[in-house]
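Residue numbers (the working numbering): 5 to 262.
Ideal placement from N, C-alpha and C gives every residue a C-beta, glycine not left out.
In structure tokens, the structure reads:
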């Protein structure tokens, strides 16, 4: 695992990805050396900034995107993007760390043993396809990035505590970001909903699309009603259906007893 993580780190040279450096002396133990980052994890930053502005969140997400794009251009997927795996130094520079779960095109398809964890990602941040057995793609990282942005703006996770099996994925209920934070514009809420959609085909296919919709209002998301109620709030949708069915049954019974 350490050898793989070091190898992945050396393949990427980007100011928003932790730099792996050559050790100054011969190694007698299994380890690798990285640059020192004087700062804190994004999790700690979120703890200190309970109600960040949209501008603050966007500035951090934009830097994560630059680092994540470096992985994708090397045909890699990070696969474990979460606040604990992102650090912010004292100058405000954001860096992605921990490459132990990274998927490398060609290497992971070769059949060679790669010693990855049995369950990739972290519950709450990992895309549903890791549970359903679908092949992960760049959209899987976009999902995790969307969850991070959602949590920064709301303090919550889009699907609660997440999911631990394919069966629980089928029962996922999304809560729109606007329901947790009324100050979030409809177009931002819509962008987050698209980024974390449980169907990979309905997510953004590129990081640039997500950033564009976080920066400039997308007319498709400009009105809350532009998104069907069943997608905005499945629980509210089915409660509405139940109420309608109940009223219909009462009317039917009344007609039959006249």
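- With a threshold of 16 other beta carbon atoms within 10 Å, residue 169 falls short and is exposed.
- By the Cβ neighbour-count rule, residue 22 is buried, with 16 or more other Cβ atoms within 10 Å of its own.
- Contact check between the stretch 81-94 and the stretch 37-53: three or more CB pairs, one atom from each, fall below 8 Å, which counts as touching.
- For the options 175, 167, 208, 157, the alpha carbon positioned closest to that of residue 185 is the one of 157.
- If you look at residue 92, you'll find it in the beta strand (DSSP E) that goes 90-93.
- For residue 44, the three-state secondary structure derived from DSSP is strand.
- In this structure residue 126 is buried. Its beta-carbon is surrounded by 16 or more other beta-carbon atoms within 10 angstroms.
- Rounded to the nearest angstrom, the Cβ distance from residue 211 to residue 12 is 19 Å, too far for a contact under 8 Å.
- With respect to the 8 Å criterion, residue 199 and residue 207 are classified as neighbours on the basis of their beta carbons.
- Taking residue 18 as the centre and dropping the five residues before and after it, the same chain places the C-beta of 71, 74 closer than 6 Å to its C-beta, in chain order.
- Within 10 angstroms of the beta-carbon of residue 142 lie 16 or more other beta-carbons, which makes it buried.
- Collapsing the DSSP output to three states places residue 61 in a helix.
- Counting only runs that start and end inside the stretch 138-203, there is no beta strand (DSSP E) element of at least 3 residues.
- Remark: C-beta atoms of residue 98 and residue 20 approach each other more closely than 8 Å.
- The continuous alpha helix (DSSP H) containing residue 215 extends over residues 211-219.
- When DSSP states are grouped into helix, strand and coil, residue 7 belongs to the helix group.
- For residue 217, the closest alpha carbon among the candidates 203, 172, 190, 243 is that of 190.
- Within its own chain, the residues whose Cβ lies closer than 7 Å to the Cβ of residue 222, once the five positions on either side in sequence are excluded, are 191, 194, 195, listed in chain order.
- Taking C-beta atoms as the reference points, residue 24 and residue 38 count as a pair closer than 8 Å.
- In this structure, residue 175 lies away from residue 132, with their beta-carbon atoms at least 8 Å apart.
- Residue 148 and residue 42 have their C-alpha atoms spaced approximately 25 Å apart.
- Cβ contact annotation for residue 93 (same chain, cutoff 8 Å, sequence separation greater than five): 41, 42, 43, 99, in chain order.
- Residue 136: member of the alpha helix (DSSP H) spanning 133-136, first to last residue.
- Ranked by how close their Cα comes to the Cα of residue 177, the residues 154, 31, 163 have 163 in first place.
- Rounded to the nearest angstrom, the Cβ distance from residue 153 to residue 65 is 5 Å, consistent with a contact under 8 Å.
- Under the three-state reduction of DSSP, residue 248 is assigned to helix.
- By the beta-carbon neighbour count (other beta carbons within 10 angstroms, threshold 16), residue 204 is buried.
- Residue 258 sits exposed, since fewer than 16 C-beta atoms from the chains shown fall within 10 Å of its C-beta.
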